[in-house]
Amino acid sequence: MQTFLKQFKIRCGYSIPYHPQSNPVERVHRYINALLRVAVSRSDAVHDDWAVCLPYVEFSYDEKFIPGTKVSPFMLHNGYQPLYPEDLAKGPIKCQNKTYQKKLEFTTEMFEHMEKIVREANEEAKAKLKVNYDAQVGDSVLHYCEAGLDKLHFKWHGPYEVVEKRSPVKYIIKDALDGQLVQASVQQIIPFYGEEPIYDDDDEMIQSREEWKSLKHGTFVVFKRHDDVSWDHLHVGEITQAYNPITGAIEILHYVDMGPQDRTWDPAKTMEKRRIFVEYVDPEGNSYTRKRNTIQLVTGSTEFRRKYVLQGRESITIVVKNFNRQTGGKIPSDVCMKVKDYLKKKDPAPEPSKAKRPSRSKSG
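Residue numbering for the sequence shown follows the numbering used here, beginning at -18 and increasing consecutively.
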């Protein structure tokens, strides 16, 4: 078998049994089976004709652009898109008059370019699907199990207790009810914080909680920290962890404008003039940004992320929510207008009133 695979340059890969989504072949088979089902369901066809339809189904899949890469399998394999009869009817095909060497160089360059696109798209997809949860022994978790259950049943069961960590992705968990030990992957467990508390709050707190629940992961917010001294000090950040109803907290990655020399931060600087970038903190506690990719990351630096809770001194007031940062670190103009309106309403100093000029009386 190994000799056969090596002769035809076939690379054999394996997928883990508890995560079939990692096997892209299953998705291809699903698409091909759907097309074959349509092809053999015609009134003039029989189910035994699937082998006759297979080449046409294969061609249909190969010429289809993959959404994540905008590159079709046919183009990735041959370096160009296939032609259809209607393409020939549109007009004569132009002859490029290239030598064999130039044609070979062009095709090789196209192959390398498309392989780079596919490779970058795969890496981006892997980063989005990567599970960063690192459970420790003694943690309470929920276990994902859908065996024998229909779609209406809840798939997460527990709580379980982590009793052993065999590898970064493999755990042994124990059922808190009957003590049964279960082997689970890191993709099959999530942290369990306890039952969601029942709130008995006023309308203002309920409104604040609903606003926090509407914050979307990956979007930006303008907010005011309750521990700030000045009333007009506003911050900008990216939501890196959405609202957790159990802990009542969110996590924000701070973005700041450190000025042209990247040395000072002016919290009173207007939003129109800010050019915000990720805030890093070096081991000495100094903040800085990397406005240009040429700026090196200081050894031991970390991104400034902070958790905020719904109540107390560690809380914040959301000024503008769910927007995206523009090119060059700019803040959208509509967001700047909303911030202006907020500051105008919150300004504790009233506008100076204009004194009325006394009227001149007429002499008799």
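Even glycine gets a Cβ: it sits at the ideal position worked out from N, Cα and C.
Terminal residues of the alpha helix (DSSP H) in which residue i lies
i	result
residue 188	184 to 194
residue 157	No alpha helix (DSSP H) holds residue 157; DSSP gives it neither H nor E.
residue 210	No alpha helix (DSSP H) holds residue 210; DSSP gives it neither H nor E.
residue 324	314 to 327
residue 13	5 to 20
residue 38	31 to 43
residue -14	-17 to -12
residue 67	66 to 70
First through last residue of the beta strand (DSSP E) which encompasses residue i
i	result
residue 298	297 to 304
residue 198	Segment: none, residue 198 is in no beta strand (DSSP E) and carries neither H nor E.
residue 225	216 to 225
residue 141	137 to 148
residue 260	Per DSSP, residue 260 belongs to no beta strand (DSSP E) and is neither H nor E.
residue 278	Segment: none, residue 278 is in no beta strand (DSSP E) and carries neither H nor E.
residue 290	286 to 290
Residue i vs residue j beta-carbon contact at 8 angstroms
i	j	result
residue 197	residue 220	yes
residue 173	residue 140	yes
residue 260	residue 270	yes
residue 57	residue 99	yes
residue 145	residue 152	yes
residue 289	residue 233	yes
residue 193	residue 224	yes
residue 291	residue 189	yes
residue 301	residue 325	no
residue 312	residue 217	yes
residue 257	residue 294	no
residue 92	residue 200	no
residue 48	residue 55	no
residue 163	residue 156	yes
Residue i to residue j span [Cα, whole Å]
i	j	result
residue 149	residue 165	12 angstroms
residue 42	residue 13	8 angstroms
residue 243	residue 309	15 angstroms
residue 16	residue 65	20 angstroms
residue 123	residue 211	43 angstroms
residue 222	residue 231	6 angstroms
residue 61	residue 108	29 angstroms
residue 208	residue 53	54 angstroms
residue 154	residue 135	19 angstroms
residue 68	residue 8	30 angstroms
residue -5	residue -18	15 angstroms
residue 240	residue 104	34 angstroms
residue 191	residue 228	15 angstroms
residue 115	residue 263	25 angstroms
residue 317	residue 254	10 angstroms
residue 170	residue 296	29 angstroms
residue 119	residue 287	25 angstroms
residue 138	residue 251	49 angstroms
residue 272	residue 95	30 angstroms
residue 29	residue 19	13 angstroms
residue 117	residue 159	21 angstroms
residue 280	residue 235	19 angstroms
residue 79	residue 59	17 angstroms
residue 86	residue 46	24 angstroms
residue 101	residue 89	18 angstroms
residue -8	residue 125	32 angstroms
residue 11	residue -15	26 angstroms
residue 33	residue 50	30 angstroms
Simplified DSSP state of residue i, which is helix, strand or coil
i	result
residue 98	helix
residue 123	strand
residue 55	helix
residue 173	coil
residue 265	coil
residue 116	coil
residue -5	coil
residue 230	strand
residue 308	helix
residue 62	coil
residue 283	strand
residue 79	coil
residue 165	strand
residue 151	strand
residue 336	The pLDDT assigned to residue 336 is 46, lower than 50, so where the model puts this residue is not dependable; a value taken from the coordinates is nonetheless given after this. It is coil, neither helix nor strand.
residue 343	For residue 343, the predicted model reports a pLDDT of 42, less than 50, meaning its position is unreliable and no value from the coordinates is stated.
Cβ distance (whole Å) where residue i is taken to contact residue j below 8 angstroms
i	j	result
residue 202	residue 299	6 angstroms
residue 215	residue 248	7 angstroms
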